[in-house]
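Q: For what it's worth, this note's numbering labels the leading residue of the sequence shown as 24, then goes sequentially.
For each residue, glycine too, the CB sits at the ideal point set by N, CA and C.
Values in this document were obtained by computation on a predicted structure and should not be read as measured data.
Before we start, here is the structure in question, set down as structure tokens.
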Amino acid sequence: MINFLIGLGAVFGGAILGSFTTMLVHRLHYDETGIWGGRSRCPQCRHVLGILQLIPVFSWLFQRGKCAFCKKKIPYFYPLTELVFITTFFLFVQKFYSTDVFYPLLIAVFFLLVIFIYDVRFMEVDRRISFPAIGLALIWSFFRELSFQEYLIGGGIGFLFYFVQFFYSRKKEHPWVGEGDIELGLLCGLLLGWKYFLVMLFLAYILGVFYALPLLFLGKANAKTALPMGAFLMPAILAFLYAGENIFSWYINMLGISF
Ligand SMILES: [Zn+2]
24 MINFLIGLGA VFGGAILGSF TTMLVHRLHY DETGIWGGRS RCPQCRHVLG ILQLIPVFSW
84 LFQRGKCAFC KKKIPYFYPL TELVFITTFF LFVQKFYSTD VFYPLLIAVF FLLVIFIYDV
144 RFMEVDRRIS FPAIGLALIW SFFRELSFQE YLIGGGIGFL FYFVQFFYSR KKEHPWVGEG
204 DIELGLLCGL LLGWKYFLVM LFLAYILGVF YALPLLFLGK ANAKTALPMG AFLMPAILAF
264 LYAGENIFSW YINMLGISF
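See the structure below:
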């Protein structure tokens, strides 16, 4: 019963945060005022939404993907964002609600999802999100299961990995790494610690290759097409926060290394 209520709370909370995030990234990207206040509006006609239009996922389904006022299509991005939040929060709450890391972990998950959604939608990393996330991850690293050095070294490696690439590609016509990726590298390293971070990085790139190969074959991309790195890093880091130990030992076993 308790589990059921907690699961329900997670779904409910995830839906609200997902809905909030669609609005947040929109307002940050277009530099609209009133991130924390103001009413939610239709992304197309800017009509203020009523209570019936604010029910995550369901409003979209009932209105058949159209705005109740202007009847224009509401992009899949909106209900999908809410679904991503609901699923992720459900999984993390179920697994961690009775542990010490519950609250800091949920905060980290929230920030990572916002960065993920933002990067998928606009292909950029917003400092108003990434800097607070890095600050919180830094503070958290002093109170965690491993010694804080593990996390700081992780952050350092993440920072350097992207900084070097950024430095060498910045003068090129198509730099393959943006400044935002340096921030993401730092954040991921801080959150995972250096061991998990290195394996995570590798897996995130494999994920990226699986995404890019079909596009290359179909001629929809070439070597110069920018990939939103955050879009691959974020699912990988979420997977590691969720089951890092399992993934790590699976990977190590596969390589046949023993520690
Ligand atoms: Zn509308």
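Since residue 216 and residue 185 are thought to touch, with beta carbons under 8 Å apart, how far apart are those beta carbons, to the nearest angstrom?
A: Here the question's residue 216 lines up with position 193 in the sequence shown. Here the question's residue 185 lines up with position 162 in the sequence shown. Contact flag wrong, Cβ pair sits at about 17 Å.
Q: Looking at residue 221: is its Cβ nearer than 9 Å to the Cβ of residue 264?
A: As a working mapping, residue 221 is identified with position 198 in the sequence shown. As a working mapping, residue 264 is identified with position 241 in the sequence shown. Their beta carbons are not under 9 Å apart, which means residue 221 does not touch residue 264 by this criterion.
Q: Cβ of residue 192 within 9 Å of Cβ of residue 178?
A: Start at 1 with the first residue of the sequence shown, and residue 192 comes out as number 169. Start at 1 with the first residue of the sequence shown, and residue 178 comes out as number 155. Contact: no.
Q: Taking contact to mean at least 3 C-beta pairs separated by less than 8 Å, is the segment 130-139 in contact with the segment 64-73?
A: Too few Cβ pairs lie closer than 8 Å, so no.
Q: Quick check on residue 193: does DSSP put it in helix, strand or coil?
A: On the sequence shown, residue 193 is found 170 positions in, with the first residue counted as 1. Coil, per DSSP.
Q: Compute the Euclidean distance between the alpha carbons of residue 239 and residue 252, then round it to the nearest angstrom.
A: Position 216 of the sequence shown, counted from the first residue, corresponds to residue 239. Position 229 of the sequence shown, counted from the first residue, corresponds to residue 252. When rounded, the distance between both Cα atoms is 17 Å.
Q: Would you say residue 136 and residue 226 are within 9 Å of each other, going by their C-beta atoms?
A: Here residue 136 is taken as the residue at index 113 of the sequence shown, counted from 1. Here residue 226 is taken as the residue at index 203 of the sequence shown, counted from 1. Against a cut-off of 9 Å, the Cβ pair of residue 226 and residue 136 comes out as no contact.
Q: Quick check on residue 273: buried or exposed, where buried means 16 or more other Cβ atoms within 10 Å of its Cβ?
A: Here residue 273 refers to the residue found at position 250 of the sequence shown. Exposed, since its Cβ has fewer than 16 Cβ neighbours within 10 Å.
Q: Helix, strand or coil for residue 71? Go by DSSP, reduced to three states.
A: Within the sequence shown, the letter at position 48 stands for residue 71. If DSSP states are grouped into helix, strand and coil, residue 71 belongs with the strands.
Q: Would you report the Cα separation of residue 116 and residue 195, rounded to the nearest angstrom?
A: Within the sequence shown, residue 116 is the residue found at index 93, counting from 1. Within the sequence shown, residue 195 is the residue found at index 172, counting from 1. Straight-line Cα distance between these residues: approximately 44 Å.
Q: Less than 8 Å between the CB of residue 49 and some heavy atom of ligand 1, yes or no?
A: Within the sequence shown, the letter at position 26 stands for residue 49. It does not: the Cβ of residue 49 is nowhere closer than 8 Å to a heavy atom of ligand 1.
Q: Measure the alpha-carbon distance for residue 212 versus residue 232 and round it to whole angstroms.
A: On the sequence shown, residue 212 is found 189 positions in, with the first residue counted as 1. On the sequence shown, residue 232 is found 209 positions in, with the first residue counted as 1. Cα to Cα, residue 212 sits roughly 21 Å from residue 232.
Q: What number of angstroms, rounded off, separates the C-alpha of residue 277 from the C-alpha of residue 270?
A: Here the question's residue 277 lines up with position 254 in the sequence shown. Here the question's residue 270 lines up with position 247 in the sequence shown. Spanning the two alpha carbons is a distance of roughly 10 Å.
Q: Compare the C-alpha of residue 29 against each of 73, 118, 153 and name the closest.
A: Position 6 of the sequence shown, counting from 1, holds the residue named residue 29. Measuring from the Cα of residue 29, the nearest candidate turns out to be 118.
Q: Are residue 80 and residue 140 close, meaning C-beta to C-beta below 9 Å?
A: The count along the sequence shown starts at 1 and reaches residue 80 at position 57. The count along the sequence shown starts at 1 and reaches residue 140 at position 117. Going by C-beta atoms, residue 80 is not nearer than 9 Å to residue 140.
Q: Among 224, 190, 120, which has the Cα closest to the Cα of residue 258?
A: Reading the sequence shown from its first residue, position 235 is the one you call residue 258. Comparing Cα-Cα distances from residue 258 to each of 224, 190, 120, the minimum goes to 224.
Q: To which residues of the same chain is residue 125 closer than 6 Å at the C-beta, ignoring the five residues directly before and after it?
A: Start at 1 with the first residue of the sequence shown, and residue 125 comes out as number 102. The residues are 119.
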